[in-house]
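Engineer: So the sequence lines, in the order shown, correspond to chains A and B.
Every letter in the first sequence is one number past the one before it in this note's numbering, and letter 23, counting from 1, is 23.
Just add 299 to the spot in the second sequence (first one is 1) and you have this note's numbering.
In this text, a Cβ means the ideal position worked out from N, Cα and C, and glycines have one as well.
Attaching a single structure in structure tokens format; questions to follow.
2 protein chains.
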Amino acid sequence: MSLLVVGSIAYDTIETPTTKVEDSLGGSALYFSAAASLFSPVNVVGVVGSDFDASKISFLKKRGVNLDGLYMESGKTFRWGGRYFDDMNRRETLFTYLNVFERFQPVIPEHYKKSEFVFLANIDPELQLDVLNQINNPKLIVLDTMNFWISGKRKELEEVLKVVDIIVLNDEEAKELTGEMGLIKATKAIPAMGPKSVIVKKGEHGAMLYHENEFFFVPAFPLDSVVDPTGAGDSFAGGFMGYLAKTGQIDQATLKKAMVYGSTIASFNVEDFSFNRLENLTMKEIKERVKIFKKMTFF
Amino acid sequence: MSLLVVGSIAYDTIETPTTKVEDSLGGSALYFSAAASLFSPVNVVGVVGSDFDASKISFLKKRGVNLDGLYMESGKTFRWGGRYFDDMNRRETLFTYLNVFERFQPVIPEHYKKSEFVFLANIDPELQLDVLNQINNPKLIVLDTMNFWISGKRKELEEVLKVVDIIVLNDEEAKELTGEMGLIKATKAIPAMGPKSVIVKKGEHGAMLYHENEFFFVPAFPLDSVVDPTGAGDSFAGGFMGYLAKTGQIDQATLKKAMVYGSTIASFNVEDFSFNRLENLTMKEIKERVKIFKKMTFF
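If you want it as structure tokens, here you go:
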């Protein structure tokens, strides 16, 4: 089924304890697309500057990613710089230059409007609402957000949450959103705000789904070393929604499998910078890793 | 099969954000026994002072816990005081009075010496070695330790690790023991020190087993609130080893199930202070929760 993502497109400058890369292509919309397109075609909406090098995403086109909603504006593409600490679980932002992204007003192309699966990546909740107003009654809406919007645009965020099916966030964000100190209480408090289901990303501790009063847990794949955690959350969301869009189902059993596919794709993504690992990833590799997830959790 | 534990017996004074309890019975040997005895008889070795009130552990005797190795010395029982912070995941030690525990020299009663499953709770590695020298060729030796011994008695700890089958520790301890920054690398580095298998306790994030080059993960049971985390690790170990001793098997499939039983018992333990929850816990309750673990991880 058709899958729409609205989010950022960025050039990232990333420092890890061992390496520095400059102007590495990233952003939520592209990480999501690189992941989801392993399973399903994707319709992208985003904005880039006139400095954008489209050749870097030609592999996405080949995988069925529709870029008709990728608008080029005069000015520079969004740039983000971050540094990861020794354990790779924490990072600090070094700079954020919104550039053309500052004036981003998503316009959904006519032929995208019937997309049945919609991912609202982590952008201003006002824009997220605006996107939903442009599209026809989708089957599933998934929303990502962050502390910046939870504290800075709570009213708008609460508004959009009312019509969202699944929210994806990390543990700190779940606690801040609900005011609950404990993660389980926080997670259980979210459905009263709108989303029927909650996905909490816990980094190296995996992810959990709260759906119809039941929890489901998937660990993070045990990697000896993480090269670059950037995009882990968005590639998780891409794997998760790509799998759902491929099957067309959103029942409990399919959601659980989608959680595992999301974790699998995220685990490949962090093995290299940018989309270097996702670009050439094969379905055989994905299935092998899903099998290991099975062995790692089955008793 | 027969199961031996050597560890501490303590009166704990515990402050949580909402409650303070004084002289609440605890200690690694008793938390372990309260958990393991739900599955299998247990032989306990430990020391108490003349102020010890044995009536509080009469339920253990009824569950087949042999207390012949519980020595009473003149003086006071070990006392520990700790305070948990708001999120219940971190604590600070307020006081430690070793009392009679300071001179603890474990003597293994003759009829304990053929115990096939041995748990060396978190005590001085010199004493752990001394215990092993007193017993006959057990089938499985599991050892718990902590940062205090890793930094303070590394040589002795390395000595005892050479003959241990499974080590149980938390993520920080695994990193300190191996000098590796990442948990996965740290865990994989441990078998070269002796233990064939490694169990890492991750608190609210569950636990993981590394055995024969494979990982197994079990989440923590999602509780709305934790009343008292004290004894979570030891009751996990008790559930884990009690289940193994009951089945008599130590193959991969049984170890995985034992991990789930350990997590299940630990999750009940933290629902109340001391052994209040474990004292009256039924096999029906345990099996119901194990079933939920299955649903929470099966895909």
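With DSSP as the reference, identify every bridge partner of D311 (chain B), one or two as the case may be.
Structural biologist: B:S323, B:W379
Engineer: Taking 8 Å as the cut-off, decide whether the C-beta atoms of P138 (chain A) and F117 (chain A) are in contact.
Structural biologist: yes
Engineer: Within the 8 Å Cβ cut-off, does V297 (chain B) reach chain A?
Structural biologist: It is not possible to answer for residue 297 (chain B), since the shown part of chain B is limited to 300 through 598.
Engineer: Note down the Cα distance separating K461 (chain B) from L428 (chain B), rounded to an integer number of angstroms.
Structural biologist: K461 (chain B) and L428 (chain B): Cα-Cα distance of roughly 10 Å.
Engineer: Is there at least one Cβ from chain A nearer than 8 Å to I483 (chain B)'s Cβ?
Structural biologist: At a cut-off of 8 Å between beta-carbon atoms, I483 (chain B) makes contact with chain A.
Engineer: Which residues mark the beginning and the end of the alpha helix (DSSP H) in which I292 (chain A) is found?
Structural biologist: 283-297 is the span of the alpha helix (DSSP H), which, as asked, contains I292 (chain A).
Engineer: Pick from A:K196, A:G182, A:G7: whose alpha carbon is nearest that of D385 (chain B)?
Structural biologist: A:G182
Engineer: Sort B:G532, B:T546, B:L543 by Cα distance to F567 (chain B) and report the nearest one.
Structural biologist: B:G532
Engineer: Among the residues of its own chain, which have a CB less than 6 Å from the CB of L476 (chain B), if the five just before and after it don't count?
Structural biologist: I449
Engineer: Taking 8 Å as the cut-off, decide whether the C-beta atoms of V45 (chain A) and A36 (chain A) are in contact.
Structural biologist: no
Engineer: So what does DSSP say about D385 (chain B), is it helix, strand or coil?
Structural biologist: When secondary structure is reduced to three states using DSSP, D385 (chain B) falls in the coil class, being assigned neither helix nor strand.
Engineer: Going by DSSP, name the residue or residues bridged to V305 (chain B).
Structural biologist: B:V344, B:L419
Engineer: Could one say the Cβ of P191 (chain A) lies closer than 8 Å to chain B's Cβ atoms, at least one of them?
Structural biologist: no
Engineer: Using the rule of at least 16 other Cβ atoms within 10 Å of the residue's Cβ for burial, across every protein chain shown, is K175 (chain A) buried or exposed?
Structural biologist: buried
Engineer: Going along the region 512-540 of chain B in order, which residues come within less than 7 Å of chain A, judged by CB to CB distance?
Structural biologist: E513, F514, F515, F516, P518, P521, L522, D523, S524
Engineer: With 8 Å set as the bound, which would you pick, yes or no: does the beta-carbon of K256 (chain A) sit closer than that to a beta-carbon of chain B?
Structural biologist: yes
Engineer: From A:D165, A:E126, A:Y84, A:Y11, pick the residue whose C-alpha is nearest to that of A103 (chain A); which is it?
Structural biologist: Strictly speaking, residue 103 (chain A) in this sequence is Arg, with Ala absent from that position. It is A:E126.
Engineer: Give the residues from the region 367-395 of chain B that approach chain A closer than 8 Å (Cβ to any Cβ), ordered along the chain.
Structural biologist: D385, D386, M387
Engineer: By the 10 Å Cβ neighbour count, where 16 or more other Cβ atoms means buried, how is S534 (chain B) classified, buried or exposed?
Structural biologist: buried
Engineer: Could you pull out every unbroken beta strand (DSSP E) segment of at least 3 residues lying fully inside the region 213-254 of chain A, listed in chain order?
Structural biologist: The beta strand (DSSP E) runs lying completely inside the region 213-254 of chain A and spanning 3 residues or more are 214-218, given in chain order.
Engineer: Can you name the residues that DSSP bridges to R63 (chain A)?
Structural biologist: Paired residues: none, contrary to the question.
Engineer: Taking only beta carbons into account, state which residues of the region 401-420 of chain B come closer than 8 Å to chain A, listed in chain order.
Structural biologist: Of all residues in the region 401-420 of chain B, none is placed with a Cβ closer than 8 Å to any Cβ belonging to chain A.
Engineer: Can you check the region 133-193 of chain A for any beta strand (DSSP E) of at least 3 residues that lies completely inside it and give the ranges in chain order?
Structural biologist: 140-144, 166-170
Engineer: Which same chain residues end up closer than 6 Å to Y243 (chain A) when comparing Cβ atoms and leaving out the 5 residues on each side of it in sequence?
Structural biologist: So the list reads F39, A258, Y261, once near-sequence residues are dropped.
Engineer: Using only the alpha-carbon positions, how far apart do K375 (chain B) and F520 (chain B) sit?
Structural biologist: 36 Å
Engineer: Show which residues of chain A have a CB atom less than 7 Å away from the CB atom of H510 (chain B).
Structural biologist: Residues of chain A passing the Cβ test: none, with the nearest at roughly 11 Å.
Engineer: Less than 8 Å between the CB atoms is what I'm expecting for A207 (chain A) and V198 (chain A), so what's the real figure, rounded?
Structural biologist: Between V198 (chain A) and A207 (chain A) the Cβ distance is about 11 Å, and since that is not below 8 Å, they are no contact.
Engineer: Report buried or exposed for R389 (chain B), applying the criterion of at least 16 other Cβ atoms within 10 angstroms of its Cβ.
Structural biologist: exposed
Engineer: Where S2 (chain A) and M296 (chain A) are concerned, what is the direct C-alpha to C-alpha distance, given to the nearest angstrom?
Structural biologist: In this structure, the CA atom of S2 (chain A) is about 32 Å from the CA atom of M296 (chain A).
Engineer: Give a yes or no on whether the minimum CB-CB distance between T596 (chain B) and chain A is below 8 Å.
Structural biologist: yes
Engineer: On the three-state DSSP scale, how would you describe L426 (chain B)?
Structural biologist: DSSP places L426 (chain B) in helix when its eight states are reduced to three.
Engineer: Do you know offhand how far F598 (chain B)'s Cα is from K355 (chain B)'s?
Structural biologist: So the alpha carbons of these two residues sit roughly 43 Å apart.
Engineer: Could you give the first and the last residue of the continuous alpha helix (DSSP H) run that contains L577 (chain B)?
Structural biologist: 575-578
Engineer: Could you give the distance in angstroms between the alpha-carbon of I166 (chain A) and the alpha-carbon of I489 (chain B)?
Structural biologist: Taking C-alpha positions only, I166 (chain A) is separated from I489 (chain B) by approximately 40 Å.
Engineer: Let me make sure I understand the geometry here. Which of A:A186, A:E159, A:L157, A:E158 has the alpha-carbon closest to that of D171 (chain A)?
Structural biologist: A:A186
Engineer: So, is the C-beta of M582 (chain B) closer than 8 Å to a C-beta in chain A?
Structural biologist: Chain A has no Cβ within less than 8 Å of the Cβ of M582 (chain B).
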